[in-house]
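Input: a single structure, listed below in structure tokens.
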Amino acid sequence: MKKIVLFILFASQIFFAQNDQKSIELPDFVITGRQSVDVQTASKRKPSLISTLSEDFLIPQYTPEELDLFYSSNPKPIQPKITSDDYFTGSLYVGGGRYTLPIGRFNLTNSFGNYLLSANLWGSNISEYIPNAGLNTSGVSLNNYFFIDTNSDFLPGTSIKLNGKYSRDSYKFFASNIPAFERKLGLGELNFTFSNTYIKWINFGFKLDAHLLKFRESSLDEKVFDLDGLIELKLNRLSVGVNGSFKKQLLSNNPSLVSDYNYFSINSYVKLNPTNSFNLKFGVDYSSNDFNNFFAPFAKMQLAIEKNLVFQIEYKPHTKHFTLHDFVTQNYYMVSRTTDNVFTKVKSDLNGLFKYEFENYFSTSLFGHYSKSESFLYFEDLIQPGFFDIRTSPDVQSIQLGMNILYNTHLFGYFISEIKYNSVKDNLDFYIPYQSKYKFELIYGYDFSFGLGARIKLNSLIDTHTNITNTNKIDSFHDLSIGLSYKLFNTLSFRADFQNILNRANFVLKQYQEKPFDVILGIEYRW
Numbered sequence: 035m036k037k038i039v040l041f042i043l044f045a046s047q048i049f050f051a052q053n054d055q056k057s058i059e060l061p062d063f064v065i066t067g068r069q070s071v072d073v074q075t076a077s078k079r080k081p082s083l084i085s086t087l088s089e090d091f092l093i094p095q096y097t098p099e100e101l102d103l104f105y106s107s108n109p110k111p112i113q114p115k116i117t118s119d120d121y122f123t124g125s126l127y128v129g130g131g132r133y134t135l136p137i138g139r140f141n142l143t144n145s146f147g148n149y150l151l152s153a154n155l156w157g158s159n160i161s162e163y164i165p166n167a168g169l170n171t172s173g174v175s176l177n178n179y180f181f182i183d184t185n186s187d188f189l190p191g192t193s194i195k196l197n198g199k200y201s202r203d204s205y206k207f208f209a210s211n212i213p214a215f216e217r218k219l220g221l222g223e224l225n226f227t228f229s230n231t232y233i234k235w236i237n238f239g240f241k242l243d244a245h246l247l248k249f250r251e252s253s254l255d256e257k258v259f260d261l262d263g264l265i266e267l268k269l270n271r272l273s274v275g276v277n278g279s280f281k282k283q284l285l286s287n288n289p290s291l292v293s294d295y296n297y298f299s300i301n302s303y304v305k306l307n308p309t310n311s312f313n314l315k316f317g318v319d320y321s322s323n324d325f326n327n328f329f330a331p332f333a334k335m336q337l338a339i340e341k342n343l344v345f346q347i348e349y350k351p352h353t354k355h356f357t358l359h360d361f362v363t364q365n366y367y368m369v370s371r372t373t374d375n376v377f378t379k380v381k382s383d384l385n386g387l388f389k390y391e392f393e394n395y396f397s398t399s400l401f402g403h404y405s406k407s408e409s410f411l412y413f414e415d416l417i418q419p420g421f422f423d424i425r426t427s428p429d430v431q432s433i434q435l436g437m438n439i440l441y442n443t444h445l446f447g448y449f450i451s452e453i454k455y456n457s458v459k460d461n462l463d464f465y466i467p468y469q470s471k472y473k474f475e476l477i478y479g480y481d482f483s484f485g486l487g488a489r490i491k492l493n494s495l496i497d498t499h500t501n502i503t504n505t506n507k508i509d510s511f512h513d514l515s516i517g518l519s520y521k522l523f524n525t526l527s528f529r530a531d532f533q534n535i536l537n538r539a540n541f542v543l544k545q546y547q548e549k550p551f552d553v554i555l556g557i558e559y560r561w
């Protein structure tokens with residue numbers, strides 16, 4: 035089991051190191067065979083900024099491509115150093131608290147030679163901490179991973195993944211002018227991937243994603259099929275590749291009366307690796323939908339200045355095709371009305387990064403980002419309070435500067451921090467709503483030798499406007515949480531999660547108050 039898990043981690047790192055185009059890989063396989071203590075916060079999804087912090091403590095990777103677009107206070111798994119005692123085939127966690135009752139998770143994983151199977155069930159209910167507030171959610175997932183041995187005569191090193199997930203969410207627009215209005219979502223995903231990055235002279239891959247979304251309150255349904263492909267020929271220190279994507283969006287009961295849309299993207303590139311410390315990549319990108327076209331060159335350079343110090347700079351204009359699934363994932367309280375997708379052109383996109391890493395125990399990065407976008411996506415409840423319309427700005431300039439630190443040793447625990455300055459303005463010099471100017475994230479965890487584990491996490495958002503004319507702001511967001519776990523036996527642990535310890539009236543969206551101070555007690559059994 036341990037060899038298989040380590041192989042999967044190693045294989046995934048090889049893939050991402052060799053391919054920085056639109057990845058044809060699925061997200062890393064969900065490995066449930068270890069115990070960890072997570073600092074949990076409110077599980078409601080909201081429009082905000084996705085952290086650039088890596089969750090991979092074995093081989094940490096930070097790239098400016100992951101700079102923030104949306105923030106979420108969702109709990110992030112904090113993975114301490116893995117030991118031989120941490121591997122298991124199943125776990126069951128049940129708990130309850132002041133406002134969260136019940137909460138539960140069931141995970142099961144097993145390997146059969148070159149095949150790894152994982153199943154997961156989860157559910158939670160957040161009660162009405164203020165009238166009509168709360169969230170009820172549950173889901174199930176099944177993940178299959180198969181790989182061909184590297185010593186096989188047929189496609190050695192090939193990996194095949196087939197994953198499925200379904201979840202349902204129910205909540206009310208409690209901060210709107212119709213606070214009892216309830217939204218019930220059904221979300222389904224199906225992913226299939228076939229890829230190989232092991233063969234010396236060629237990389238290839240194929241991925242099919244299907245996203246199903248149902249708004250039960252309006253009977254609006256969306257199906258999105260995304261087909262990606264990659265082929266790259268490797269000739270010593272020269273590589274030539276093509277990466278393409280086709281997306282089909284199908285809609286039922288759509289207020290705009292349009293039933294389908296198409297999006298297509300392809301890029302071709304050349305990689306040069308004249309030395310082990312320098313590589314260069316350049317190419318062209320073309321994309322289009324039913325109404326727009328886009329063409330632009332791109333280039334990327336990486337230089338190892340010293341053994342542990344790397345400099346990277348990239349210029350990569352591109353497009354983004356947002357669907358209803360993307361909208362509701364970013365903002366639970368959005369309303370589509372007649373807007374069913376957004377085609378954003380990032381006409382200029384420049385990223386720079388300095389990264390220092392010491393033997394996978396310590397890593398720090400300085401990064402910067404500049405971009406100019408057309409049809410930049412944002413949300414604002416301009417028409418009806420509490421119902422956030424999908425809006426776009428024709429000309430937006432984004433500047434981001436930041437630093438992150440990752441420290442992880444068995445002796446002193448682990449520490450993650452990220453500090454970021456974020457300026458996102460339109461052509462009239464107004465800040466885009468809900469793009470906080472300053473963002474901080476701090477996480478520290480330590481596992482004591484007598485079975486106690488402790489985690490502390492602080493999220494902060496400062497200087498956030500709520501409308502495009504910048505006449506209104508929300509107060510600074512500060513969420514301090516602590517998680518404790520005590521291992522009574524190797525298979526049995528008790529947990530206590532203290533959420534929003536400062537008991538602040540936090541807001542990520544105008545009037546939508548986050549959960550106040552909550553204590554969740556639970557027990558976890560694993561086998």
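Residue 35 is where the sequence shown starts when you use our numbering, and the numbers rise one by one after that. Cβ coordinates follow ideal geometry from the N, Cα and C atoms, glycine included. Treat the numbers as computed from the prediction; the structure is a model and nothing was measured.
Environment of residue i [buried if 16+ CB atoms lie within 10 Å]
i	result
residue 557	exposed
residue 271	exposed
residue 524	exposed
residue 208	buried
residue 529	buried
residue 234	exposed
residue 405	buried
residue 186	exposed
residue 262	buried
residue 317	buried
residue 129	buried
residue 444	exposed
residue 417	exposed
residue 321	buried
residue 147	exposed
residue 440	buried
residue 353	buried
residue 341	exposed
C-beta contact flag for residue i and residue j at 8 Å
i	j	result
residue 467	residue 414	yes
residue 348	residue 385	yes
residue 202	residue 219	yes
residue 248	residue 226	no
residue 478	residue 490	yes
residue 456	residue 471	yes
residue 544	residue 502	no
residue 423	residue 369	yes
residue 552	residue 139	no
residue 382	residue 389	no
residue 465	residue 459	yes
Local conformation of residue i per DSSP, three classes
i	result
residue 264	strand
residue 434	strand
residue 363	helix
residue 358	helix
residue 244	strand
residue 456	strand
residue 308	strand
residue 136	strand
residue 564	For residue 564 there is no data in the structure shown, the boundaries of the chain being 35 and 561.
residue 418	strand
residue 250	coil
residue 147	coil
residue 547	strand
residue 171	strand
residue 122	coil
residue 520	strand
8 Å contact criterion, which residue i and residue j should meet: CB distance rounded
i	j	result
residue 199	residue 236	Rounded, the Cβ-Cβ distance is 31 Å, inconsistent with contact.
residue 178	residue 189	Going by Cβ atoms, the distance from residue 178 to residue 189 rounds to 18 Å, so no, they are not a contact pair.
residue 518	residue 559	Not quite, the Cβ-Cβ distance comes to about 17 Å (not below 8 Å), so this is no contact.
residue 359	residue 292	Their Cβ separation, rounded to whole angstroms, is 16 Å, which puts residue 359 and residue 292 out of contact at 8 Å.
residue 205	residue 366	7 Å
residue 515	residue 534	7 Å
residue 434	residue 375	Residue 434 to residue 375, Cβ: 26 Å. No contact.
residue 319	residue 286	Residue 319 to residue 286, Cβ: 32 Å. No contact.
residue 486	residue 520	5 Å
residue 278	residue 299	7 Å
residue 158	residue 171	6 Å
residue 143	residue 150	7 Å
residue 401	residue 378	About 21 Å; that fails the 8 Å criterion.
Residue i at chain B interface by Cβ criterion, 8 Å
i	result
residue 378	Judged by its chain identifiers, the structure shown contains no chain B, having just a single protein chain.
Review point. Where in the stretch 262-343 do unbroken runs of the beta strand (DSSP E), each at least 3 residues long, occur, reported from the N-terminal end onward?
Key: 272-286, 294-309, 312-323, 327-338
**Study point:** Whole beta strand (DSSP E) elements within the stretch 207-241, 3-residue minimum
**Key:** 216-230
Practice item. With a floor of 3 residues, list each beta strand (DSSP E) that falls wholly inside the stretch 370-411, ordered by position along the chain. Key: 375-392, 396-408
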